[in-house]
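The structure appears below as structure tokens.
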Amino acid sequence: MSTDNLLFAKTHEWVKVEESDGAKIATVGISAHAIEALNDLVYLELPEVGKEVTAGESFGEIESVKAVSDIYAPVTGEVIAANTALPDNLDSLHEDAYDNGWIAKIKITDDSALGDLMDLAGYEKMCAEEA
Amino acid sequence: MRLIVDLPALGSWNMAVDEAMLRHATEIGMPTLRFYQWEEPTLSLGYFQKYDDRQQHLASLECPCVRRASGGGAILHDHELTYSFVAPVNDPRSDQYTRWFDLFHETLVEVLAAWGIDAQLSGNLTPGSPSDPFLCFQRRHAVDVVVGGYKICGSAQRRHQAAILQHGSVLLKQSAAAPELPGLEELSGQRITISALIEAWLLALENKFQKRWVPKTLTVVEENSTQEIHSAKFSSPSWTHKR
Numbered sequence: 010m011s012t013d014n015l016l017f018a019k020t021h022e023w024v025k026v027e028e029s030d031g032a033k034i035a036t037v038g039i040s041a042h043a044i045e046a047l048n049d050l051v052y053l054e055l056p057e058v059g060k061e062v063t064a065g066e067s068f069g070e071i072e073s074v075k076a077v078s079d080i081y082a083p084v085t086g087e088v089i090a091a092n093t094a095l096p097d098n099l100d101s102l103h104e105d106a107y108d109n110g111w112i113a114k115i116k117i118t119d120d121s122a123l124g125d126l127m128d129l130a131g132y133e134k135m136c137a138e139e140a
Numbered sequence: 007m008r009l010i011v012d013l014p015a016l017g018s019w020n021m022a023v024d025e026a027m028l029r030h031a032t033e034i035g036m037p038t039l040r041f042y043q044w045e046e047p048t049l050s051l052g053y054f055q056k057y058d059d060r061q062q063h064l065a066s067l068e069c070p071c072v073r074r075a076s077g078g079g080a081i082l083h084d085h086e087l088t089y090s091f092v093a094p095v096n097d098p099r100s101d102q103y104t105r106w107f108d109l110f111h112e113t114l115v116e117v118l119a120a121w122g123i124d125a126q127l128s129g130n131l132t133p134g135s136p137s138d139p140f141l142c143f144q145r146r147h148a149v150d151v152v153v154g155g156y157k158i159c160g161s162a163q164r165r166h167q168a169a170i171l172q173h174g175s176v177l178l179k180q181s182a183a184a185p186e187l188p189g190l191e192e193l194s195g196q197r198i199t200i201s202a203l204i205e206a207w208l209l210a211l212e213n214k215f216q217k218r219w220v221p222k223t224l225t226v227v228e229e230n231s232t233q234e235i236h237s238a239k240f241s242s243p244s245w246t247h248k249r
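Next up, the structure:
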């Protein structure tokens with residue numbers, strides 16, 4: 010997947026928004042930059058399908074190097090799919106954070122939070138400033 | 007920087023205090039270091055561990071159990087000094103995951119060296135795995151502090167949007183509820199008191215941070231938050247048994 014058309018949250022989630030049957034569907038994952046910083050990944054807790062999530066609030070958790078971090082929903086909506094193969098293949102995130110590294114698909118019910126997301130250039134600038 | 011030294015308390019209360027500090031870190035606006043102990047021998051599970059896995063550790067079956075918000079393996083808290091440290095994520099040292107581990111563990115190694123105890127960082131680079139041993143002190147991570155091959159200090163973190171919580175344990179003496187784990191007393195032949203360790207470690211941390219620790223208590227807001235978190239989360243079976 011090309012990262013050119015992705016949006017990024019300041020909490021390091023990536024988002025790909027697509028239209029399907031008139032609805033906006035956001036595919037969400039963790040950026041390659043964050044995966045690299047997390048290093049060894051041990052556990053991932055996926056959001057439940059059907060769960061209503063709110064932009065900016067925790068909707069999953071990941072453990073690495075004895076640190077548990079929240080994964081924040083970058084958009085508001087309903088979780089319609091979760092990547093159930095991912096928790097048993099966390100090492101693959103280091104090679105592929107985008108295509109097979111997606112965590113969940115969210116049917117957007119309020120797209121106002123999309124305006125808070127950054128494009129790739131903005132996200133890379135933020136990461137460079139944090140380093 | 008703020009320093010809190012607490013009296014021994016229930017495990018669920020200790021976890022609630024740490025989480026209250028984490029939730030209110032932005033308002034406090036400075037790092038907080040807290041030292042504490044446990045009212046009775048208590049097993050704490052790492053956040054992702056299964057409650058039923060405690061059945062495999064027979065010696066601690068009668069001990070109360072809490073689930074931490076941080077990662078890592080289970081710890082039997084008995085003859086130990088526990089610390090928690092909360093820092094904002096905008097502190098440049100928070101960006102690199104192991105930096106705070108290094109700061110605390112390297113200073114502990116210095117303190118023990120001054121007492122003639124040959125402690126070092128484990129340096130073990132084996133990646134973490136869900137099949138790691140149940141007990142934290144039987145696992146090895148590169149930043150763990152070991153003496154004579156035995157781990158005597160390990161730490162774990164919970165990272166929120168605005169702040170990180172790191173807590174860790176220094177094993178001072180073997181516990182009857184975890185007899186497979188020797189403490190500093192068995193390994194060095196020295197009896198190290200809690201107060202002596204706090205005093206020496208604080209001094210080493212002040213030198214490392216180049217800042218003084220100011221003794222304080224929780225704010226009223228943190229106290230109230232602790233009560234709420236204790237009731238709703240850490241004293242609740244639904245939290246402890248959630249996996």
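Top to bottom, those sequences are chains A and B. If you want the working numbering, it's the position in the first sequence, counting the first as 1, plus 9. If you want the working numbering, it's the position in the second sequence, counting the first as 1, plus 6. From the three backbone atoms N, C-alpha and C, an ideal C-beta is built for every residue, glycine too.
In this structure, the beta-carbon distance from W245 of chain B to R29 of chain B does not fall below 7 Å.
Within the stretch 73-105 of chain A, the residues whose Cβ lies closer than 8 Å to any Cβ of chain B are, in chain order, S73, V74, K75, A76, V77, S78, D79, Y81. Inclusion of H247 of chain B and W19 of chain B in the CB contact set at 7 Å is not warranted, their separation being larger than that value. For G154 of chain B, no Cβ of chain A is located within less than 7 Å of the residue's own Cβ. Between N213 of chain B and A206 of chain B, the alpha-carbon positions lie close to 11 Å from each other. Residue-level contact by beta carbon holds for F54 of chain B and chain A, with a gap shorter than 7 Å. The beta-carbon of Y107 of chain A is placed no less than 7 Å from the nearest beta-carbon of chain B. Secondary structure of L209 of chain B (DSSP, three-state): helix.
In the DSSP assignment, R29 of chain B falls within the alpha helix (DSSP H) that extends over 17-29. Annotation for L50 of chain A: S73, L99 place their beta carbon closer than 6 Å to its own, counting only its chain and skipping 5 residues before and after. DSSP places P94 of chain B outside any alpha helix (DSSP H); the residue lies instead in the beta strand (DSSP E), whose first and last residues are 86-94. For T20 of chain A, the chain B residues whose Cβ falls inside 9 Å of its Cβ are Q167, in order along the chain. Taken through DSSP and simplified to helix, strand or coil, A35 of chain A comes out as strand.
Using a C-beta cut-off of 8 Å, the stretch 191-199 of chain B makes contact with the stretch 146-160 of chain B, since at least three inter-stretch Cβ pairs fall below that distance. When DSSP assignments are scanned along the stretch 17-81 of chain A, the uninterrupted stretches of beta strand (DSSP E) that are 3 or more residues long and fall wholly within it turn out to be 22-29, 32-39, 50-54, 67-73, 76-81.
Our two residues, A91 of chain A and I112 of chain A, have alpha carbons roughly 6 Å apart in a direct line.
Within the stretch 104-125 of chain B, the residues whose Cβ lies closer than 7 Å to some Cβ of chain A are T104, listed in chain order. Residue pairing of C159 of chain B in beta bridges, as defined by DSSP: B:V151, B:V176. Per DSSP, H63 of chain B lies in no beta strand (DSSP E) and is assigned neither H nor E. The three-state reading of DSSP puts V11 of chain B in strand, counting E and B together. At a cut-off of 7 Å, the C-beta of Y132 of chain A has no neighbouring C-beta in chain B. Taking C-beta atoms as the reference points, E86 of chain B and L177 of chain B count as a pair closer than 7 Å.
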